[in-house]
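Number of protein chains: 2
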Amino acid sequence: MAKRGDVLELAVLGLLQDSPLHGYELRKRLNALLGSLRAFSYGSLYPCLKMLVREGLIAQDTGEGGSAASGPAPGKRSRIVYKLTAEGKEHLQDLLTESGPAAWEDEGFGVRFAFFGRTDAATRLRILEGRRSRLEERIDGFRSSLSRTRERLDSYTLELQRHGLESVEREVRWLSELIDDERRREPPPSARET
Amino acid sequence: MAKRGDVLELAVLGLLQDSPLHGYELRKRLNALLGSLRAFSYGSLYPCLKMLVREGLIAQDTGEGGSAASGPAPGKRSRIVYKLTAEGKEHLQDLLTESGPAAWEDEGFGVRFAFFGRTDAATRLRILEGRRSRLEERIDGFRSSLSRTRERLDSYTLELQRHGLESVEREVRWLSELIDDERRREPPPSARET
DNA sequence: GTTAGCATGTAAGGAGTTACATGATTTT
DNA sequence: AAAATCATGTAACTCCTTACATGCTAAC
């Protein structure tokens, strides 16, 4: 229970944090935001929106204001604009601040990183470091499995492993640079004590 | 119809091509082979094996030979050894030779590449080039979406996009080197004509 | 006037995971 | 004799896709 790997849910809540949006627009921004990471279809977005409404995390804003132009693009067609509720904002903060596997694994990390602009410095650092040590574990398991099975592998398989390993090592270097940037911007409290 | 993205099926058939194996061993090799690409659990492997037997692509070899040591590790416990049937071999060749999205997308490409040792040169080249142009398309769509939404993105989101783009560009360079290697090894027929 | 894009949904199903259930064998 | 690892499986569930269904509006 409470073990939802829902990247979609988090991404939707995160986007609605900036401004209310309707489904169609939401999907475009979603896929622009996640870029190569992931793409979602309407068939998953709309049911997700319904669920979030049922859970009280977002609210529908169908009716146009009262008299004149009120929506972002008035007079188009009946569209359903969603916005975060107070509960939704809280839940979003919980998700973004959360530690644990959800925040380290590929997609979970990617979405959280995309919303780093609204995350506090301590959390950013924690997530970056969590991701890095997760990748370093992966490298270790990788190397030991390589040394165990090296003799059995042909050159193509080996080349695939080598390229995969190099990709992970490259991401570790990237993370290390980001971590250094964060530290420079906000030095650890131990430097201010004494 | 006939639109099975089954990475698992292909990987199982590919591994059984080298030698008959039982499920447990198969899973270990599977995860060693695919490394960072993917991991499979027993909950998907065993049902898949059953399905492949039903389809006549693999056969079970439960009974030990007749008298003395016959299996790879005799006298352990009742284990079910699977091997490719003639039909299975044919189907595997079809899958490995296949063009189209299945062979270009991330996982489909990865598995096919892992089995390049048993693939002919022309197919290798075709798949490598297919993968490369697929990635180049992705880069284009990416750049145009970036120029459309640049002003709206904060620095973290932008950094994520930049890193993603760089990863894809890096893979394109990798593929280009591999393609050059293949060409050097087996020059195109046009160079032999005249 | 027809194609393309905006806008919202639903039903069926695919591909895989987690957790459970069971038991033998080897190592410590 | 306890713990780890070998070995095989099943049931329920998750998350997402594809294909379908519908209709409005803008551009060509």
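Residue numbers (the working numbering), protein chains in the order written: chain A, 24 to 217; chain B, 24 to 217.
Just so it is clear, CB atoms sit at the ideal spot from N, CA and C, and this is done for glycine as well.
Query raised in the report: With a CB to CB cut of under 6 Å and the five nearest residues on each side skipped, what residues in its chain are close to residue 114(A)?
Result: 80
Query raised in the report: Taking Cβ to Cβ, would you say residue 38(A) is nearer than 9 Å to residue 56(A)?
Result: yes
Report task. Give the secondary structure of residue 62(B) by DSSP, where H, G and I count as helix, E and B as strand, and everything else as coil. Result -> coil
Query raised in the report: When we look at the beta-carbon of residue 135(A) and count the other beta-carbons within 10 Å, is it buried (16 or more) or exposed?
Result: buried
Requested in this report: Closer than 8 Å by C-beta to residue 45(A): which residues in its own chain qualify, once you throw out the five before and the five after it? Chain order, please.
Outcome: 102, 103, 104 and 105
Report task. Measure the C-alpha to C-alpha separation of residue 198(A) and residue 157(B) and round it to an integer number of angstroms. Result -> 27 Å
Requested in this report: Can you grab the Cα-Cα spacing for the pair residue 169(A) / residue 84(A), in whole Å?
Outcome: 55 Å
Requested in this report: Report back the beta-carbon spacing between residue 60(B) and residue 133(B) to the nearest angstrom; my notes put them in contact at under 8 Å.
Outcome: 5 Å
Query raised in the report: Residues of chain B with CB under 7 Å from residue 177(A), in chain order?
Result: 140
Query raised in the report: Going along the chain, which residues of its own chain have a beta-carbon closer than 7 Å to the beta-carbon of residue 63(B), five neighbours each way excluded?
Result: 31, 50, 53 and 54
Query raised in the report: Ordered along the chain, which non-local residues of its own chain (more than five positions away) have a Cβ less than 8 Å from that of residue 200(A)?
Result: none
Requested in this report: Consult DSSP for residue 103(B) and reduce its assignment to one of helix, strand or coil.
Outcome: coil
Query raised in the report: What does residue 81(A) pair with, by DSSP beta-bridge criteria?
Result: 107(A)
Query raised in the report: DSSP puts residue 44(A) in a beta bridge; with which residues?
Result: 105(A)
Query raised in the report: chain A partners of residue 165(B), CB-CB under 9 Å?
Result: 58 and 59
Requested in this report: Can you pull the chain A residues whose beta carbon is under 7 Å from the beta carbon of residue 136(B), in chain order?
Outcome: 179 and 183
Requested in this report: Select from 151(B), 117(B), 122(B) and 47(B) the residue whose C-alpha is nearest the C-alpha of residue 179(A).
Outcome: 151(B)
Requested in this report: Measuring only between beta-carbons, confirm whether residue 153(A) sits less than 9 Å from chain B.
Outcome: no
Report task. May I have the straight-line CA-CA distance separating residue 108(B) from residue 195(A), to the nearest angstrom? Result -> 44 Å
Requested in this report: Using a cut-off of 7 Å between C-beta atoms, extract the partners of residue 172(B) located in chain A.
Outcome: 55
Report task. Label residue 58(B) either buried or exposed according to how many other C-beta atoms from any shown protein chain fall within 10 Å of its C-beta, with 16 as the threshold for buried. Result -> buried
Query raised in the report: What distance in whole Å lies between the Cβ atoms of residue 148(A) and residue 33(A), which are believed to be in contact at a cut-off of 8 Å?
Result: Wrong, their Cβ atoms sit about 20 Å apart, outside the cutoff.
Requested in this report: Classify residue 29(B) as helix, strand or coil using the three-state DSSP reduction.
Outcome: coil
**Report entry** Neighbour-count burial assignment, residue 175(B), 16 or more Cβ in a 10 Å radius
**Finding:** exposed
Requested in this report: Specify whether the stretch 186 to 194 of chain B and the stretch 158 to 165 of chain B touch according to this definition: at least 3 beta carbon pairs, one from each stretch, less than 8 Å apart.
Outcome: yes
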